[in-house]
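Take a look at the structure below.
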Amino acid sequence: MTCDEARERFEDLLHDRLSPEERQALRQHLNECPRCPEELERAERIASLIRTRASYHRAPAHLRETILRELRQEAGLMGMLGRALHALWTTPAALCTTTAIVVLAIALPLYHRWITPTPPQAATYVVREEGLLHDEVLLHRPAPPQAAMYVVREVARHHVRLLLNYPPAGTDPTEPAQIQQWFQETLGFSPPIHFWGNQEFKLLRGYPTYILDRRAACLLFKSKEVISTLYIFPGSDVSIPAQGRRKIDTYAPYLTTTDDHRVLLWKQGELTYLVVSRLTDPELDQLFLRIRRP
Amino acid sequence: MTQAEFAAATLVYLDALYNLASWLAHEPEAASTLVHETYRKALHTVPKNLAGTKLRVRLFTILWEIYRQHHPWHAETPTSPREGEEIGVGEAVERENAALSRRLWLYALPRGDVEAELRGLPPDLRAVLLLVDVEGCPLTEVAEILGWPGDHVYGALSQARRTLHDLLQVRLPAALLSPPPEAEDQS
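Here the protein sequences line up with chains A and B, keeping their order.
According to the working numbering, the first sequence is numbered sequentially starting from 7.
According to the working numbering, the second sequence is numbered sequentially starting from 93.
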């Protein structure tokens, strides 16, 4: 492996996107190369610095509302257009006219193509080859790994960003009904949330976000000045290790530590749940039971 | 995907778009306008069957295009990488501070210093750092978003990191004498 090849893989290494074989090959190069380790260390250092020390600006509530309103209007316009098209096909007089227009729209280009000489084949092949190459590159890109540690690190980073920028710009609703409505409007799935906070674990806010490039529900709880974050997202492809389980009542979620945060991971049906927190294990058990028990 | 589903899918990326817009445009009002225009254009140009990372790439691409239209700060070519260029001051300070551990180095820097130097980078280098390090975009996606050749992204990313690293190294001795950053962050 050359230095250029190694450095092109640094980002994938930092974001856990390498297969074990690729990781091994890169580590071997790093052991032998006098310059690449320094480059990688600088990359790690700056990446970490930006993630932890540069503010993450969240969209203000008024912007979110404006965009949501326009999106709804647009959806309404598309609905009206759909109804108008439906009327064209169901009204007899309009049906004849519409049919004639459609037939002409299909027939005229075909006629034009029939009387026009065929273009040279070579040009067509070039375009096809480029298309194939592009598709092949896309197809052979490794799918993002959904191993437990990858998911855990992703949510832990998200949690740290949240804490560093807390409270986020704009205000989020704190009423469960408002949060649920927001989730319904944006997530595309309904997270079955039974626990909306109590005296011990106060609900701070909830909002939709994305984890692993998929939509996720996010709820923040506060207990004794410690903020814990619950993430829920469709994750049937997320594998949970058999080792490292913590026995909590009749349940056995996966428990691990990353960046000084405790992370609990479990699945309920097709949904994956994670809690990231600095609570002690017994406190974390209590929060887990509140969330887990129906 | 229905129009409503598409709208919901795009909203998931609102914070990410706004964060990049804020770092590019500096002013909250300008960032809001930039994101608003991005959504308006996306509604009429993005195929409704796009989802996941492809949708994210398309939205970031639109935002970047609009930003460039309104801020023609540079020529068509992005900032050229400076592979192998020596930076004397940074290296000298780096030697002086070689004994500092990585963790101390990170926590010694106040947030304001990091943000000031990040804002001082050229917009294209700022964008590539935020897309890679904050949003976790692969380099192929960044190339698509910024409209760069694929082999250019790593060079630009490396240059951005090296520049930021050297600028922050210069600030480091002063930062070590300042009050702890934790106190500053709580205010």
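C-beta atoms are modelled at their ideal positions from N, C-alpha and C, and glycine is treated no differently.
Here the structure is a predicted model, which is why all the values come from computation and not from measurement.
| Query | Result |
| --- | --- |
| Can you tell which of B:V206, B:R211, B:L223 has its C-alpha closest to the C-alpha of B:V262? | B:V206 |
| Could you compute how far the alpha carbon of A:Y257 sits from the alpha carbon of B:L210? | 46 Å |
| Measuring CB to CB, does A:E14 end up less than 7 Å from B:Y246? | yes |
| Give the single residue among B:A99, B:H244, B:T130 whose Cα lies nearest to the Cα of B:L109. | B:T130 |
| Determine the extent of the beta strand (DSSP E) in which A:Q274 is found, giving its start and end residues. | 267–274 |
| With distance defined between alpha-carbon atoms, name the residue in A:R251, A:R70, A:L277 nearest to B:A107. | A small fix is needed here, since residue 107 of chain B is Asp in this sequence, not Ala. Out of A:R251, A:R70, A:L277, A:R70 has the C-alpha closest to the C-alpha of B:D107. |
| Which stretch, first to last residue, makes up the beta strand (DSSP E) that contains A:Y156? | Looking at the DSSP string, A:Y156 is not in any beta strand (DSSP E); the run it does join, the alpha helix (DSSP H), is 154–170. |
| In whole angstroms, what is the alpha-carbon distance linking A:D22 and A:F189? | 29 Å |
| Please report the residue range of the beta strand (DSSP E) in which A:Y237 lies. | 232–240 |
| Could you tell me which residues DSSP puts in a beta bridge with A:V281? | A:L236, A:L270 |
| Within its chain, find whatever has a CB closer than 6 Å to the CB of A:G212; leave out the 5 residues flanking it on each side and keep chain order. | I185, L225 |
| Any idea what DSSP makes of A:G203, helix, strand or coil? | coil |
| Is the CB-CB distance between B:H244 and A:R48 below 7 Å? | no |
| For B:R253, would you say it is in contact with chain A, using Cβ-to-Cβ distances shorter than 7 Å as the test? | yes |
| Can you tell me which of the three DSSP states B:T255 falls into? | helix |
| Using a threshold of 6 Å, is the CB atom of A:R268 nearer than that to any non-hydrogen atom of the ligand NAP? | You won't find the ligand NAP in this model; it holds no ligand whatsoever. |
| Nearest CA to the CA of B:A235: which residue from B:W115, B:T102, B:T153, B:A134? | B:T153 |
| List, in order along the chain, the chain A residues whose C-beta lies closer than 8 Å to that of B:T153? | What B:T153 touches in chain A: nothing, since even the nearest Cβ is about 16 Å away. |
| Since I believe B:A252 is in contact with B:L213 (beta carbons under 8 Å), could you give me their beta-carbon distance rounded to a whole number of angstroms? | 6 Å |
| Counting pairs of Cβ atoms below 8 Å between the region 111–127 of chain B and the region 217–227 of chain B, do you hit three or more? | yes |
| Buried or exposed: which applies to A:R59, given that a residue is buried once 16 or more other Cβ atoms fall within 10 Å of its Cβ? | buried |
| Let's see if you can read the secondary structure: which residues bound the beta strand (DSSP E) around A:A222? | 220–229 |
| Rounded to whole angstroms, what is the Cα-Cα separation between B:L259 and B:A208? | 10 Å |
| Have a look at the DSSP bridge pairing and note the partners of A:I217. | A:R220 |
| Mind listing which residues of the region 41–68 of chain A have their C-beta closer than 9 Å to chain B's C-betas, in chain order? | E45, E47, R48, A49, E50, R51, I52, A53, S54, L55, I56, R57, T58, R59, A60, S61, Y62, H63, R64, A65, P66, H68 |
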